[in-house]
Amino acid sequence: KKVRFFRTVTLVNELIQAKEEGRLGRLLKQLNKLDLLICDEWGYIPLDREGSQLLFQLIADCYEKRSVIITTNLEFSKWNGIFYDDKLTSAIIDRLVHHCHLIVFTGRSYRLEHSNIRA
Numbered sequence: 071k072k073v074r075f076f077r078t079v080t081l082v083n084e085l086i087q088a089k090e091e092g093r094l095g096r097l098l099k100q101l102n103k104l105d106l107l108i109c110d111e112w113g114y115i116p117l118d119r120e121g122s123q124l125l126f127q128l129i130a131d132c133y134e135k136r137s138v139i140i141t142t143n144l145e146f147s148k149w150n151g152i153f154y155d156d157k158l159t160s161a162i163i164d165r166l167v168h169h170c171h172l173i174v175f176t177g178r179s180y181r182l183e184h185s186n187i188r189a
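Our numbering applies: residue 71 is where the sequence shown begins, and numbers increase by one.
So this is what it looks like as structure tokens:
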């Protein structure tokens with residue numbers, strides 16, 4: 071099985087760079103051969119129009135063909151602040167949740183629990 075893990079901002083930057091260098095098709099072809107794409111820290115840095123569109127293109131390519139794992143602490147209602155426009159946000163959410171398994175963790179942060187700093 072082929073798996074790739076990306077911080078979402080790193081993935082978007084790679085997509086933008088590949089587009090600028092004329093190799094976007096090649097990168098998308100490589101990513102479309104994956105069995106699983108993992109996007110960590112989804113939405114922590116808002117995306118511009120180009121980044122949002124490229125990420126949508128990748129998610130749309132994955133839709134119903136390969137597995138995608140998204141990690142984020144942002145609920146769906148806050149995703150409008152991530153992507154360039156509301157329609158694109160809705161389209162991404164629609165494709166991600168259609169066949170999804172949503173896992174919600176509650177409680178304190180693991181990192182805070184194991185931090186050397188005590189309140």
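By construction, the Cβ of each residue, glycine as well, lies at the ideal position given by its N, Cα and C atoms.
field: Alpha-carbon spacing of residue 158 relative to residue 71, whole angstroms
entry: 30 Å
query: Roughly how many angstroms separate the alpha carbons of residue 144 and residue 107, rounded to a whole number?
result: 19 Å
message: Tell me which residues share the same chain as residue 73 and place their Cβ nearer than 6 Å to its Cβ, disregarding the 5 neighbours each side in the sequence.
response: 106
task: With 8 Å as the threshold, decide whether the Cβ of residue 85 is near any Cβ in chain C.
output: Absent here is chain C; the protein component of the structure consists of one chain.
field: Which residues DSSP lists as bridging residue 76, in chain order
entry: 109
query: Once you ignore the five residues that flank residue 133 on each side, which residues in its own chain have a CB closer than 8 Å to its CB?
result: 165, 168
- request: Classify residue 122 as buried or exposed, calling it buried when 16 or more other Cβ atoms lie within 10 Å of its own Cβ.
  value: buried
- prompt: When DSSP labels each residue in this structure, what does residue 185 get in the three-state scheme?
  reply: coil
query: Cβ of residue 100 versus every heavy atom of the ligand SAH: is any distance shorter than 7 Å?
result: You won't find the ligand SAH in this model; it holds no ligand whatsoever.
query: Mapping DSSP to helix, strand and coil, what is residue 174?
result: coil
- prompt: Looking at the structure shown, is residue 139 part of a helix, part of a strand, or coil, going by DSSP?
  reply: strand
query: How many Å lie between residue 150 and residue 184 at the Cα?
result: 32 Å
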